[in-house]
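In my numbering, the protein residues as written are 7 to 154.
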């Protein structure tokens, strides 16, 4: 197939609504959700703990990398492969340090979201409780059941 033919086929597919979809979305096109999405503090806090665990794994990898690097010294006596290895080590160390920092920041954000969600739920519940206290229902007209 030539470039022009392939390009025309791609344009036809795009015009037919073959756009991007979530992998979990059934059928085609936009579908409304069920409206039963729930968010709890425990889920957000759990996600924070998982990220903390990932950070621990990164720190273990960084420690192993540093331990193995010690055996190589300052890069060898002018050997090019040792210099390249030293450069790779510093690159990986920077990367793992940055990932560890990112995990730490993400964990803090997840925990903050958990606290905000819980406080928001409590505030909403409290506001409705105050509304119910202010506007108490009046008893039904016609007396009480069972009385003669």
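Note that CB positions come from ideal geometry on N, CA and C, so glycine has one too.
Quantities reported herein were computed from a predicted structural model and do not represent experimental measurements.
Straight across, the Cα-Cα distance linking residue 95 with residue 62 is about 19 Å. Contact between residue 54 and residue 113 holds: their C-beta atoms lie close to 5 Å from each other, under 8 Å. Sequence-distant Cβ neighbours of residue 119 in its own chain, meaning closer than 6 Å and more than five residues away, are 50. With 16 or more neighbouring CB atoms inside 10 Å of its own CB, residue 57 falls in the buried class. Going by C-alpha positions, residue 133 is about 19 Å away from residue 46. Judged by DSSP secondary structure, residue 105 falls within the alpha helix (DSSP H) whose first and last residues are 86-140.
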